[in-house]
Structure formats: structure tokens, C-alpha cells
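These notes are about the structure you will find just below.
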Amino acid sequence: MAAGAEMTGRWLITFSTARKKKLQTMSELIKVVKASRPLKRFPQPVSLPTGFVNTRILRDNFKRQMAAEHEVTSKALKFIARNAALPQKMRLEAQIQLTAMPNYTRMNQVRDRCLESGTAKKIIKPFRVGRYQFRLMAKEGEFPGVKKGVW
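Right, dumping it as C-alpha cells:
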């Protein structure tokens, strides 16, 4: 890592760039952070699931979409709020903006749910289905390479 740079999560910001441009306002700093390297937690756009849809699945889907839309802004605000090299007033403004954001824009609001039934317990993460649904789908041969263990 270069001197005069700080690594926060997946962000690498060089302070020499910020000092050269003499960024005074928080909006200018947010633009620089967004332009540096946009993040995408969900590589494909989140859309409505197919098949059985209940309220829990729709709510979870909405939370995922909102979190994906606001991810870059919240990461930029977190960087500003936690950066000790910036003025205290700018850091406080960033913290206020973070707390003013809706709850659905936070990633900790997203919970893994079964795509088939909508349950939130006993989820097998690589397949995003519940334990019982995984068993049924594996028996039907819907997952390639998955078979019943016999020893």
C-alpha cells in the first residue's frame, strides 16, 4: 500500500489526491470516494423471485434492492465519519446523514431466507434454500453434483 493511503474495508483512498484538490465540502469528498471504485454486493440486479411468493420474501427482496442502491453512499459516509484526518464538523455531518438514512438501506437488515418457502431458519447458504426444501430438491436432482451420502 502506498504511503499516504488508508485502507477501509474495500476502499483505498489516497490522501494526496484529496489534498491536491483541497476538498472542503463533504459532497465533493463523497463524489471522489464514489468515483474511486464503486462497490456491488449484488452483481446482478435483484428482481422479483419466481414461483411461490409471500410477504416475507417480498420484504426481503425490497431490503436487498434498497441496500444495493444505497451501498456506495453509506460506505462513503462511513469512511468520512471514521476518518480522523478530516475536520470534526465534516465527520459529524456525515454521522448525522448516516443516522438519517432509512433502516432498509442497511445491510444488517437483510436476512438470508429460503427462496422457496420464505423461512429464515436452517438456510443452506450456497443454495439459498431451507433444510427441508434442499432435501426435496436434491432428491429430485435439481442440484447438479449433489447426491445422498451413503457410506
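Residue numbering for the sequence shown follows this note's numbering, beginning at 5 and increasing consecutively. All C-beta atoms in this analysis are idealised placements derived from N, C-alpha and C, irrespective of residue type, glycine included.
For the alpha helix (DSSP H) containing F147, name the first residue and the last one.
No alpha helix (DSSP H) holds F147; DSSP gives it neither H nor E.
Given a cut-off of 8 Å on the beta-carbon distance, is the pair K82 and Q113 in contact?
Judged by beta-carbon spacing, Q113 lies beyond the 8 Å limit of K82, meaning their Cβ atoms are not closer than that value.
Return helix, strand or coil for V76, following the three-state DSSP convention.
V76: helix per DSSP, three-state reduction.
Counting C-beta neighbours from all protein chains within 10 Å, is the total for Q92 16 or more, i.e. buried, or is it exposed?
That one is exposed.
Validate contact between the region 63 to 79 and the region 133 to 149 using beta carbons, cut 8 Å, 3 pairs:
Contact fails between the region 63 to 79 and the region 133 to 149, because fewer than three Cβ pairs, one in each stretch, are under 8 Å apart.
A98 beta carbon less than 8 Å from that of A85:
Yes, Cβ-Cβ distance for A85 and A98 is below 8 Å.
With 16 other Cβ atoms within 10 Å as the buried cut-off, status of D116
By the Cβ-count criterion, D116 is exposed, with fewer than 16 other Cβ atoms from all chains shown falling within 10 Å of its own Cβ.
Distance between L140 and Q101 (C-alpha atoms, nearest Å):
Straight-line measurement puts the Cα of L140 at about 46 Å from the Cα of Q101.
Pick helix, strand or coil for Q48, following the three-state DSSP scheme.
Annotation note: pLDDT 49 at Q48 (below 50); position unreliable, coordinate value reported separately. Of the three classes helix, strand and coil, the one that applies to Q48 here is coil, per DSSP.
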